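Residue numbers (full-length UniProt numbering): 1 to 104.
Note that CB positions come from ideal geometry on N, CA and C, so glycine has one too.
All values derive from a computational prediction rather than experimental measurement.
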């Protein structure tokens with residue numbers, strides 16, 4: 001352990017940045033798996049890259065037709081590389097689950 005601390009001190013003294021993953025505890029945990037989609041409301045977030053909307057629509061339709069999802073909210077981000085707007089996040093937070101897709 002002291003070797004690791006010594007190495008970190010030497011890296012800092014040289015003005016370098018250590019690019020290694022520190023395996024820190026994540027701030028968020030994944031939700032528990034759903035037992036069924038029957039009667040649930042799904043959220044679908046399109047990042048506006050090519051074909052993301054097509055993929056999401058196919059998934060949305062399949063979940064409604066084959067798994068009993070009864071309601072859905074479909075929204076698009078303004079730009080694929082930016083986070084979704086707070087109002088979109090708030091609306092999707094009202095859903096029982098959310099699916100997002102990246103196209104191209």
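For this session: Kindly indicate which residue of 85, 23 and 57 has the alpha-carbon position closest to the one of residue 74.
Result: Start at 1 with the first residue of the chain shown, and residue 74 comes out as number 74. Nearest option by C-alpha distance: 57.
For this session: My understanding is that residue 42 touches residue 63, with C-beta atoms under 8 angstroms, so please give their C-beta distance in whole angstroms.
Result: For this step, residue 42 is matched to residue 42 along the chain shown. For this step, residue 63 is matched to residue 63 along the chain shown. The pair is a contact, with the Cβ atoms about 6 angstroms apart (cut-off 8 angstroms).
Exercise. Do you know whose CA, among 95, 80 and 17, lies nearest residue 37's CA?
Worked result: In the chain shown, counting from the first residue as 1, residue 37 sits at position 37. For residue 37, the nearest C-alpha among the options comes from 95.
For this session: In the DSSP assignment, find the unbroken beta strand (DSSP E) run with residue 39 in it and report its ends.
Result: On the chain shown, residue 39 is found 39 positions in, with the first residue counted as 1. No beta strand (DSSP E) holds residue 39; DSSP gives it neither H nor E.
Exercise. Where does residue 48 sit, in a helix, a strand or coil, going by DSSP?
Worked result: Residue 48 sits at position 48 when you count from the first residue of the chain shown. Here residue 48 sits in coil by DSSP.
Problem set entry | Short Cβ contact (8 angstroms threshold) for residue 15 with residue 51 | Numbered from 1 along the chain shown, position 15 holds the residue referred to as residue 15. Numbered from 1 along the chain shown, position 51 holds the residue referred to as residue 51. No, Cβ-Cβ distance for residue 15 and residue 51 is not below 8 angstroms.
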